[in-house]
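Q: Note that the sequence shown ends on residue 293 in the UniProt record's numbering; no numbers are left out.
Before I ask anything, let me first share the structure, which is written out below as structure tokens.
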Amino acid sequence: MTMQGLSVLRDSLRIARQARSLAAAPPSPIPGREVARNYTRLKLKQSMHTRMGRSVSSPEQVMGYQVHYADFDTLVCLFEELYVDEDYFARLDVQGRPPVIVDCGSNIGMSILYFKTLYPNAVIVGFEPFREAYDLLRANVEANGLRDVTVHCKAVGANDAGVDLFFDPDKTGSLRMSTVPERIAGGVRPVESVALSTYLPERVDLLKMDIEGAEHDVVEELEQSGALARIGAMAIEYHHHIRPDEDRLSDMLGILERAGFGYQLWGKLPRGRRNRDFQDLHIFAYRKTAAPK
């Protein structure tokens, strides 16, 4: 057997172990066997593509949806983040009414598809400032006939003055585009921006944010405008040390505490990485008292 073949075999065994674990997971709104089946197919295809140069082409069937994408590895990463790790899972107490979800940093729309898997009747507003990703987002909303979904090709921030968006021009499917220049070097383009409070519905059951370092500006603006009072829960990917010498986590948590939110935190830091290193953290903020009605 060739070295490539051995690598694919090792990948297959590792994928099979993870798939068994997913299939045996405790009951969830999304059946573990369905997640395991999609995980196995995507990871095997990724292994064959990486190890043996097998081609992959868009669109791809994922959890019953037709998904258009720019980069297959990024698609698999999004699937794992959403359906395997469940980074944005939330049990929403909506008492039978359609939940209202605002998705900041929609990228190609995998997060919106995930929320529609959890809550098929959800009303969703999405924001994605990178035109190439936004075009795929629109294609995925239309290809899957999603109802009650509105998407905007805009960045969310402190105001509507516009902002520079930094990205990798050699990998337009990357998830690392940011309005913070320290996040990624390479290309830059001006994009429209909005103060989120001006687009926020009167009631929001879940605000999801994965906006690569702009989360402070958004949450501060929501506090200053009084719009935090309209939000029931938040799922935030927090980019700690996106600027290596900047420590503002306590500021973020202080805003949440003043607004009456409790929160859970989780994250990983690879071995050998400590002082000033970048770290993704997840903040799930929930109302200690009744959510907005």
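The beta carbon of each residue, even a glycine, is placed where N, CA and C say it ideally should be.
Here the structure is a predicted model, which means the values were calculated and not measured.
(1) Who pairs with glutamine 66 in a beta bridge, going by DSSP?
(2) Would the region 151–161 and the region 190–205 be scored as touching if the rule is three or more Cβ pairs under 8 angstroms?
(3) From which residue to which residue does the beta strand (DSSP E) around valine 125 run?
(4) By the three-class DSSP mapping on this structure, what secondary structure does glutamine 95 have?
(5) Identify whether histidine 241 lies in helix, strand or coil by the three-state DSSP scheme.
(6) Give a yes or no on whether the C-beta atoms belonging to leucine 92 and proline 99 are separated by under 7 angstroms.
(7) Looking at C-alpha atoms only, which residue of Pro201, Asp148, Val218, Ser7 is the closest neighbour of threonine 179?
(8) Cβ of arginine 17 versus every heavy atom of the ligand MN: is any distance shorter than 6 angstroms?
(9) For a test of the three-state rule: what should DSSP assign to tyrosine 83, helix, strand or coil?
(10) Round the Cβ separation of glutamate 212 and arginine 243 to the nearest angstrom and send it over; I've been treating them as touching at under 8 angstroms.
(11) Which first and last residues belong to the alpha helix (DSSP H) in which alanine 139 is found?
(12) I need the DSSP call for cysteine 104, collapsed to helix, strand or coil.
(13) Using 8 angstroms as the Cβ pair cut-off and three pairs as the minimum, do the region 76–84 and the region 118–138 touch?
(14) Taking 8 angstroms as the limit between beta carbons, can you name the residues of its chain near histidine 241, skipping five residues before and five after?
(15) Applying the 10 Å Cβ sphere with the 16-neighbour rule, what's the burial state of serine 106?
(16) Which residues in the same chain have their Cβ closer than 7 angstroms to the Cβ of leucine 222, if we skip the five residues on either side of it in sequence?
(17) Using C-beta distances below 6 angstroms, list every residue in its chain close to leucine 255, excluding the 5 sequence neighbours before and after it, in chain order.
(18) Between the Cα of alanine 235 and the Cα atoms of Leu165, Ser111, Tyr199, Thr289, which residue gives the shortest distance?
(19) Suppose only complete runs of 3+ residues qualify. What are the beta strand (DSSP E) ranges in the region 192–263, listed by chain order?
(20) Cβ atoms of isoleucine 108 and valine 149: under 7 angstroms apart, would you say?
(21) If you drop the 5 nearest sequence neighbours on each side, which residues of the same chain put their C-beta closer than 8 angstroms to that of asparagine 38?
(22) Quick one: what's arginine 287 bridged to in DSSP?
A: Let's see:
(1) Gln61
(2) yes
(3) 123–127
(4) coil
(5) coil
(6) yes
(7) Val218
(8) Annotation note on the ligand MN: not contained in the displayed structure, which lists no ligands.
(9) helix
(10) The pair is not a contact, with the Cβ atoms about 12 angstroms apart (cut-off 8 angstroms).
(11) 131–143
(12) strand
(13) no
(14) Asp247, Arg276, Asp277, Phe278, Gln279
(15) buried
(16) Leu196, Ser197, Leu228
(17) In the sequence as displayed, the identity of residue 255 is isoleucine instead of leucine. For isoleucine 255, where only same-chain residues beyond five positions count, the Cβ hits under 6 angstroms are Val219, Glu223.
(18) Ser111
(19) 193–195, 206–209, 233–240
(20) no
(21) Val62, Met63, Phe79, Tyr83
(22) Phe261
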